[in-house]
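Numbering (this note's numbering), first residue to last: 64 to 465.
Ideal Cβ positions, reconstructed from N, Cα and C, are used throughout, including at glycine.
Reviewing the structure listed below.
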Ligand code: SF4
């Protein structure tokens, strides 16, 4: 019988991105350049493992968690982490501390020990040796578990493959089933109740229900097909703007060199290493540029809100409806707003007036829209108005004068 193929979610992702890249990384075993965002994520994962370690009955204090983070962080230099400068590494360190402090502020009072943290599962299934590291698994009761994955990047998006892979692994893992049975011996079958991505920088959680068995079956057929391609030595490159632009192997890739990579020519590989920094640097710069623009935009929006409040206050104080700057004019108006606070009464009235079908979902704006609707009788409008609370709102309009 052939040896099981070692496989994981990251290997699946890389093969799907480009089979040639997979070949460089996992067949020729050429390591990729260190990436600062992996180092940053790994440091925070270590801290989460430290906090929730089931072997420690007492949760560490914030000071202990920060101390742990600092020691872990200082084990490697900024270059080893993949940062382009010491300043950027220091900014990463400060951001890590900020996240840990915010995490404690929000969660420390409710810390409970999970079923497992950073659990490495090794599962032989359908000729694959599936290796996964599960950030955190919680027992929900009734044979159901929740899988939680920490995210530390700038963005979080739903990654169905990752969710499917986790579900497949957890529901087939004897190690996790045994952990659950230690807590609840009556459990015969283990099911995933919930999957969630927890974004540490914003402390936001995205949760997903268990995927239907049909979806898992189809996903798994795709995995087995890819495994078959790997066994058959199919590594045809799939070049594309997004994947090649940041690929560490571009300098030795046949798509760019015009010839097959020869592992017996180490000079090529080392020249690749020296030029890789040129390739990986732009992604860091571009992400930082995007983050800076988002922060700048948010800052401007906040400044605009403050300015608008100040202008409104000054215009009201002087009883001005219109006032001119050098190039712009400001016009102040007062809008009467109707607010329907008693939703139940509004729904009952809409039913009685046979207007419920007109709004479908009764929200503030759809109900207020009925008051503008010429097909609604004046009597019905008056009854609706009687349920509304009136309020006035200042509205400022600023326009160029030329
Ligand atoms: S450079 Fe493009 S085609 Fe070549 S290995 Fe990388 S991603 Fe694949």
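Listed in chain order, the non-local C-beta contacts of residue 235 below 7 Å within the same chain comprise 186 and 188, local neighbours out to five positions each way being set aside. About 13 Å separates the CB atoms of residue 214 and residue 166; that is not less than 8 Å, and the two are not in contact. In terms of Cα proximity to residue 129, the closest of 140, 113 and 315 is 113. Non-local beta-carbon contacts of residue 257 in its own chain, meaning distances under 6 Å to residues more than five positions away in sequence, involve 209 and 270 in chain order. Proximity of the beta carbon of residue 302 to ligand 1 is indicated: a heavy atom of the ligand is located closer than 7 Å.
Cβ neighbours of residue 427 within its own chain (closer than 7 Å, five residues either side excluded): 402 and 403. Using a 10 angstroms sphere on the CB of residue 307, the tally of other CB atoms reaches 16 or more, which defines it as buried. The shortest C-alpha to C-alpha distance from residue 317 to any of 297, 393 and 302 is the one to 302. Classified as buried, residue 81 has 16 or more neighbouring CB atoms from the shown chains inside 10 Å of its CB. Residue side-chain check: residue 91 keeps its Cβ at 7 Å or more from all non-hydrogen atoms of ligand 1. Residue state for residue 194 is assigned as strand, using DSSP reduced to three classes. The alpha-carbon of residue 312 is positioned some 37 Å away from that of residue 238. Here the alpha carbons of residue 267 and residue 195 stand approximately 23 Å from one another. Short note on residue 367: C-beta not closer than 7 Å to any heavy atom of ligand 1. With a cut-off of 7 Å, the C-beta of residue 81 is classified as near ligand 1, since at least one heavy atom of the ligand falls inside that distance. The closest heavy atom of ligand 1 lies 7 Å or more from the beta carbon of residue 214.
Just measuring C-alpha positions, the residue of 150, 246 and 459 sitting nearest residue 176 is 246. Residue 354 and residue 304 have their C-alpha atoms spaced approximately 22 Å apart. Annotated three-state conformation of residue 88 is helix, per DSSP. Using a cutoff of 7 Å, the CB of residue 312 counts as near ligand 1, since one of the ligand's heavy atoms is closer than that.
Under the three-state reduction of DSSP, residue 386 is assigned to strand. Approximately 6 Å separates the beta-carbon atoms of residue 77 and residue 84; this is inside 8 Å, confirming the contact.
Closer than 7 Å to some heavy atom of ligand 1: that does not describe the Cβ of residue 406. The three-state secondary structure of residue 393, taken from DSSP, is strand. Not one heavy atom of ligand 1 lies closer than 7 Å to the C-beta of residue 298.
For residue 318, the distance from the CB to the nearest heavy atom of ligand 1 is below 7 Å.
The beta-carbon distance between residue 286 and residue 447, rounded to whole angstroms, is 56 Å. This is too long to meet the 8 Å contact definition.
Residue side-chain check: residue 84 places its Cβ nearer than 7 Å to a non-hydrogen atom of ligand 1.
Membership of residue 115 in any beta strand (DSSP E) is not indicated; the residue belongs instead to the alpha helix (DSSP H) covering 99-115. Taken through DSSP and simplified to helix, strand or coil, residue 135 comes out as helix. Annotation: the continuous alpha helix (DSSP H) that includes residue 224 extends over 223-235.
Bridge pairing for residue 455: 399 [DSSP]. Only buried fits residue 212, as 16 or more other CB atoms lie within 10 angstroms of its CB. Counting only the Cα atoms, residue 96 lies some 11 Å from residue 309. At the C-beta level, residue 68 and residue 290 come within 8 Å of one another.
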